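>
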Amino acid sequence: MIVDTRTPNPKNFISGATGDWELVIGLEVHAQITSKSKLFSASSTSFGGEPNDHVSLVDAAMPGMLPVINKYCVEQAVRTGLGLKAKINKRSVFDRKNYFYPDLPQGYQISQFKDPIVGEGTVHLDMPEDGAVEVGIERLHMEQDAGKSIHDLVPGKSVVDLNRSGVALMEIVSKPDIRSADEAKAYVTKLRTILRYLGTCDGNMEEGSLRADVNVSVREPGGEFGTRCEIKNVNSIRFIGQAIDYEARRQIDILEDGGEIDQETRLFDPKSGVTRSMRSKEEAHDYRYFPDPDLLPLEFDQAFVDEIAASLPELPDEKQARMIEQYGLSAYDAGLLVDEPETAAFFEAVAEGRDAKVAVNWVMGDLAAHANQVGKPVADAGISAGQLGSLIDLIADGTISGKIAKDVLDIMIAEGGEPAQIVQDKGLKQVTDTGAIEAIIDEVIAENPDKAAQVKEKPKMAGWFVGQVMQKSGGKANPQAVNAILAQKLGL
Amino acid sequence: MSDLTELNLAQVREGLRGKDFTSREITDAYLEAIDTSNAALNAYITVTHDKARAMADASDAKLASGEGGALEGVPLGIKDLFATEGVHTQACSHILDGFEPTYESTVTQNLWDDGAVMLGKLNMDEFAMGSSNETSYYGNVVNPWRRSGGDNAPLVPGGSSGGSASATAAHLCVAATGTDTGGSIRQPAALTGLVGIKPTYGRCSRWGIVAFASSLDQAGPLTRTVRDSAIMLNSMASPDPKDTTCVDMPVPDYEAALTGDVRGLKVGIPKEYRLDGMPDEIETLWQQGIDWLRSAGAEIKDVSLPHTKYALPAYYIVAPAEASSNLARYDGVRYGLRVPDDDVVAMYEKTRSEGFGPEVKRRVLIGTYVLSAGYYDAYYLRAQKVRTLIKRDFEQAFEDVDVLLTPATPSAAFAPGEITDPVHMYLNDIFTVTVNMAGLPGIAVPAGLDPKGLPLGLQLIGKAFDEETLFRTAGVLEEAADFTARPEKWW
Amino acid sequence: MAVDEATVRRIAKLARISVSDDQAHAIEGELNTILDWVEQLNEVNVEGVEPMTSVVEMSMKMRDDEVADGECPEKVIANAPANEEHFYLVPKVVE
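Chains as they are written, first to last, in this note's numbering: chain A, 1 to 492; chain B, 493 to 983; chain C, 984 to 1078.
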């Protein structure tokens, strides 16, 4: 029984020829568990490698081979369940999902069907305009990844590589609580963030560590759920959005033409941006699930769960709340900072003993812009928290102005070095000597007597004088001192 | 030296330790016997002459310096279901055509670690599916026993460990390994006048044994005496980190359990094993067994196992279901037979159709059906519930008694082709299959002859992991029965 | 619950075993015989009975997360009917 937990929001509606439509989306995210060895064998999970290198005889399903479960993977699944505020099932069962495919050596995938290790939980989203959205988690279960068939290496043949065969996955199934492509993207982003905080999945979508099956249907706003299509194996957040947008439009067009949606499995092609039916998967599926007789039920006690709970890190939602509280940040800023655990830690190191708002502006402003440009995370963009902190200190103690600081940062990025040293070497120290500033101001007034005469009627012109003075000082004049002396000299 | 093959395992062990003969001598004697007789019996499908002699020589070197394991220098036959590194391992199926594993099963490794010598791989029903050794890709195994009275028609040795039974009974090995999923050790042992034990599920590792039905399969020995079975199981059994369903309990000294003393032992006689139309000789033998144990001081008690009759039909749901999944890996991609086709699905279908024999296909199809959508609850789930009830029956019975005594089989050996109806064939396991369904240990002991002079066995069923009581009681039965009959050598 | 020939074909397809018309007909008969025989399980009252999941009372052993296997492609493909550069080779798969 599916319960609709959402109130229809007109902003999410898609207008069609016959009226408005509402999207209903549920996601099955496959997250590779961060572990050294596979779920049921002791071969390596390393990405890449030569064909069939990271393969044991268990992974290749040699006759008489048996699975032995990796305890760490079980802990990681429980840890993830706790991070999703979900029910942990202290007894779960591994089932065999039977089907034939060349990259499925056993002829079945070991998965969890009736009794998954993790039950219902929730993921909290902060949507920029709509605020809080709660997405329900239906379940999380553990399963084996399959190998890989490659179709374009040998003419007329496919080749099979089992390096991924048996790698541990968590399948995280959401409830159909998502109502737009943006929410779907936000959900996967948030889930990825949680997994990365927990350290249970590296979230690397390019290497396939995180991929999603997207269930999409459309309906009249608030109406009965429609027939859904499953878009398999979408491996980037951007593609998830594109696939949903395309699929929504496709389904709406069919329905508005009086057609019906076939419940089917589809594939998203990133090149053309369209989804297409997977004909090969259309054959009636009958997976013949039954408990794997090679594995006993997976049972553990509350102490096992408690120990994992005790080692849980601060999760993004809690961290965001604390940052708002502790640093007086806006929800938006705090939300941006906690997206990546390393960014949050970087910020906290910079903010330590400094003005948090200044720190957040530098971290999410200039540094983030640079990081974005070089395609790296903020914490890994070449500037340490210590360096950035020192730079902020130089502004705070009046050594340099904020504007000069931006130049110093550019130099730090381009050439490296400590900000204080750069300021000294390049002679960027702010001029606070009032005598020197007075001399410049006098010079500017002397050069522009007409403007000096006008300024009393047009006080806004004071800004022009400030600019002139700063220019003459090479930007080094202390802006407060310039303002004060100018006001006095111009009689403002 | 030709009488070396007459010795049982305990005697061989003594002879080797006492340097009465060498492992090479007895190994050569067995190889010669195999080369002479195997064509008639078809018990071996591969004879590893060179490997056997090399292993024997290595054992002799150890024995010479007073070293060596519990089975040092003892020549054994190995059922083809056990993976043996670099040696033919095909579960007697065409689908594993040419398969030579790059690994060794835990059980056989345990035997080699204890010094045993491998003579070769033994014939069996394909994937251990059969009760007469008529389903092997390598042809029928012939029972060394024949009916008396001029009828020289060949008989089946039982199955699925038919090659193990025939070879051990015909003295083509000192002892053999078998596996038992529904009776595949005990039934052929009974039909060839041997001792065969299926230990408690989890006692022997299943790692490296080609799987038939994972929740039922167990390895065990077929031997000519109870003591020999105790010695063999001591070596075969072990904990194994590679098998999650294998227990971490230490292996007791089974030989030490052979005290010959069953005074005060409570022996249960399950009334449900008294079948309508059971042959008189089976009934008589059973009563004889009861009398023997009573005379030895055991206390006989009637017990009830009410769900007994449902064990076999439940088994024929559970075992094929598991098999249908276990045998999915034979797809022509990574090893064994491939029947080529440009289309991968056609390649699968042709490979599996040509690679599997009729009985295997029948069970794979039954198993596929009972697991398929809409039928799972009615068949598989119900069968597993019945299994719980069967186990519960035993648990209740074992509150009152220490061991159960039953016939091992409903009849003596029969002729190949005599039983063609699958269900009729399945009934061969009616007394043994309950034990697998409950995971308990069971031992077959030769106890007498039928009117045609064919061996019949009794079965003892024990509590989980109480193989010691089984061996002790079996030893007493063996002594009382004084089963010395031998098939007249015609092979 | 009798099996008809179409069902035989469906399960044979699921099991990836090709069957000829003659075989399908024969198998239909055999399966029905066996299924009729197992029908007797319906006599058993299984209400409230838990299905058996493991015959031995024990908790599942778990292993530590260590890489101690694999890196043996020669062994992995040693018995392969067709292989190329350590890949298994199969007929072209259409997705």
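Note that beta-carbon positions come from the ideal geometry of N, C-alpha and C, so glycine has one too.
Keep in mind the model is a prediction, meaning the values are calculated, not measured.
If we cut at 9 Å on Cβ distances, does B:L785 have a partner in chain C?
The residue you call residue 785 of chain B lines up with position 293 of the second sequence. By this cut-off, B:L785 is not an interface position.
> B:G824 CB to nearest chain C CB: under 9 Å?
Residue mapping note: residue 824 of chain B aligns to position 332 of the second sequence, counting from 1. Among the CB atoms of chain C, one or more fall inside 9 Å of the CB of B:G824.
> Does DSSP put A:C229 in a helix, a strand or coil?
As a position in the first sequence, residue 229 of chain A is number 229, starting the count at 1. The answer is strand: DSSP assigns A:C229 an E or B state.
> Say whether chain A places a C-beta atom closer than 9 Å to the C-beta of B:W492.
Since the first residue shown for chain B is 493 and the last is 983, residue 492 of chain B is missing from the structure and cannot be characterised.
> Exposed or buried, B:T860, counting other C-beta atoms within 10 Å across all chains shown (16 or more means buried)?
Here the question's residue 860 of chain B lines up with position 368 in the second sequence. B:T860 should be labelled buried.
> Could one say the Cβ of A:L57 lies closer than 9 Å to chain B's Cβ atoms, at least one of them?
Walking along the first sequence from the start, residue 57 of chain A turns up at place 57. Yes, because at least one Cβ of chain B sits closer than 9 Å to the Cβ of A:L57.
> When you compare each of B:M724, B:L614, B:I723 and B:I774 to B:F923 by their alpha carbons, which one comes out closest?
As a position in the second sequence, residue 923 of chain B is number 431, starting the count at 1. Ranking B:M724, B:L614, B:I723 and B:I774 by Cα distance to B:F923 puts B:I774 first.
> If you reduce the DSSP assignment to three classes, tell me which class B:D512 lands in.
Residue numbering aside, residue 512 of chain B sits at position 20 when the second sequence is read from its first letter. In this structure, B:D512 counts as coil in the three-state DSSP scheme.
> Using a Cβ cut-off of 8 Å, pull out every chain C residue sitting near A:P102, in sequence order please.
Sequence index remark: in the first sequence, residue 102 of chain A carries index 102 (1-based). Residues of chain C passing the Cβ test: Y1071, V1073 and V1076.
> By the criterion of Cβ-Cβ separation under 7 Å, what are the contact partners of C:N1015 in chain B?
Here the question's residue 1015 of chain C lines up with position 32 in the third sequence. None at all; the shortest Cβ gap to chain B is about 11 Å.
> What residue range does the alpha helix (DSSP H) around A:T5 cover?
Against the first sequence, residue 5 of chain A aligns to sequence position 5. Note, A:T5: premise wrong, no alpha helix (DSSP H); not H, not E.
> Leaving out five residues before and five after A:Q468 in sequence, what residues of the same chain have Cβ atoms less than 8 Å from its Cβ?
Against the first sequence, residue 468 of chain A aligns to sequence position 468. Excluding sequence neighbours, A:Q468 sits near V444 and N448.
> My output table needs one value for C:Y1071: the three-state DSSP class, helix, strand or coil.
For the purposes of this step, residue 1071 of chain C is identified with residue 88 of the third sequence, where counting begins at 1. The answer is strand: DSSP assigns C:Y1071 an E or B state.
> Any residues in the region 802 to 823 of chain B with a beta carbon nearer than 7 Å to a beta carbon of chain A? Which ones, in chain order?
A813, E814, S817, A820, R821 and D823
> Using a beta-carbon distance below 9 Å, is B:R830 in contact with chain C?
The residue you call residue 830 of chain B lines up with position 338 of the second sequence. Yes - at least one Cβ of chain C is within 9 Å of the one on B:R830.
> Could you tell me the boundaries of the beta strand (DSSP E) in which A:V214 lies?
Residue mapping note: residue 214 of chain A aligns to position 214 of the first sequence, counting from 1. First-last of the beta strand (DSSP E) with A:V214: L210 to R219.
> For A:W464, which residues from the same chain have a beta carbon less than 6 Å from its beta carbon, with the 5 sequence-adjacent residues on both sides left out?
Mapped onto the first sequence, residue 464 of chain A falls at position 464. Result list for A:W464: empty, nothing under 6 Å.
> Do C:E1013 and B:P742 have their CB atoms nearer than 9 Å?
Counting from 1 along the third sequence, the entry for residue 1013 of chain C is found at position 30. Counting from 1 along the second sequence, the entry for residue 742 of chain B is found at position 250. No, the pair does not count as a contact, with Cβ atoms beyond the cut-off.
> Taking the alpha carbon of B:P691 as the reference point, which residue from B:F957, B:Y746 and B:R755 has its own alpha carbon closest?
Position 199 of the second sequence, counted from the start, is the residue given in the question as residue 691 of chain B. Nearest of B:F957, B:Y746 and B:R755 to B:P691, Cα basis: B:F957.
> Out of A:A452, A:Y101 and A:E75, which one is the CA nearest neighbour of C:D1048?
As a working mapping, residue 1048 of chain C is identified with position 65 in the third sequence. That would be A:E75, whose Cα lies nearest to the Cα of C:D1048.
> With a threshold of 9 Å between beta-carbons, can B:T581 be considered close to chain A, or not?
The sequence position of residue 581 of chain B within the second sequence is 89, counting from 1. Judged by the 9 Å Cβ criterion, B:T581 is in contact with chain A.
> If you scan the region 140 to 178 of chain A from start to end, which runs of the alpha helix (DSSP H) of 4 or more residues do you find wholly inside it?
The region 140 to 178 of chain A is shown to contain no whole alpha helix (DSSP H) run of 4 or more residues.
> Please check if any C-beta of chain B sits within less than 9 Å of the C-beta of A:P221.
Position 221 of the first sequence, counted from the start, is the residue given in the question as residue 221 of chain A. Output row for A:P221: interface = no.
> Using DSSP bridges, identify the partner residues of B:L948.
As a first step, residue 948 of chain B must be located in the second sequence, where it is residue number 456. Partner(s): B:G940.
> How is A:M65 classed by DSSP in three states: helix, strand or coil?
In the first sequence, counting from the first residue as 1, residue 65 of chain A sits at position 65. Reduced to three states, the DSSP call for A:M65 is coil.
> In chain order, what residues of the same chain lie with their CB nearer than 6 Å to the CB of B:K955, ignoring the 5 residues before and after it?
Here residue 955 of chain B is taken as the residue at index 463 of the second sequence, counted from 1. Result list for B:K955: F890, in chain order.
> Based on DSSP bridge pairs, tell me the residues matched to B:N615.
Taking the second sequence and counting its residues from 1, the one referred to as residue 615 of chain B is at position 123. Paired residues: none, contrary to the question.
> Would you mind giving the Cβ-Cβ distance between A:E230 and A:V173, rounded to the nearest angstrom? I have them listed as a contact below 8 Å.
Position 230 of the first sequence, counting from 1, holds the residue named residue 230 of chain A. Position 173 of the first sequence, counting from 1, holds the residue named residue 173 of chain A. Not quite, the Cβ-Cβ distance comes to about 12 Å (not below 8 Å), so this is no contact.
> Within 10 Å of its beta-carbon, does A:Q488 have 16 or more other beta-carbons around it, so buried, or fewer, so exposed?
In the first sequence, the residue the question calls residue 488 of chain A occupies position 488. Counting the other Cβ atoms within 10 Å of the Cβ of A:Q488 gives fewer than 16, which makes it exposed.
> Taking 8 Å as the cut-off, does the region 119 to 138 of chain A touch the region 146 to 153 of chain A (at least 3 CB pairs, one atom from each stretch)?
no
> Tell me, to the nearest whole angstrom, how far the beta carbon of A:V58 is from that of A:M65; I am working on the premise that it is less than 8 Å.
On the first sequence, position 58 is the one that residue 58 of chain A refers to. On the first sequence, position 65 is the one that residue 65 of chain A refers to. Yes, they are in contact, since the Cβ atoms of A:V58 and A:M65 sit about 4 Å apart, within 8 Å.
> Determine, using beta carbons only, whether C:A989 comes closer than 9 Å to chain B.
As a first step, residue 989 of chain C is located in the third sequence; it is residue number 6 there, counting from the start. Chain B, which has no Cβ nearer than 9 Å to the Cβ of C:A989, makes this no.
> If we call anything under 9 Å between Cβ atoms a contact, is C:V1001 one with B:E841?
Mapped onto the third sequence, residue 1001 of chain C falls at position 18. Mapped onto the second sequence, residue 841 of chain B falls at position 349. What sits at residue 1001 of chain C in the sequence shown is Ser, not Val. Yes, the Cβ-Cβ distance between C:S1001 and B:E841 is below 9 Å.
> Which one of A:H370, A:V305, A:P67 and A:A344 has the shortest CA to CA distance from A:A321?
Position 321 of the first sequence, counting from 1, holds the residue named residue 321 of chain A. With distances taken between Cα atoms, A:A321 lies closest to A:A344.
> When you compare only the Cα positions, how much space is there between A:E282 and A:P221?
One-based indexing of the first sequence puts residue 282 of chain A at position 282. One-based indexing of the first sequence puts residue 221 of chain A at position 221. At A:E282 the pLDDT is 46, less than 50, meaning the model places this residue with poor confidence; the figure from the coordinates comes in the next sentence. Straight-line Cα distance between these residues: approximately 30 Å.
> Does the beta carbon of C:V986 come closer than 9 Å to any beta carbon on chain B?
Your numbering for residue 986 of chain C matches position 3 in the third sequence. Chain B contact via Cβ: present.
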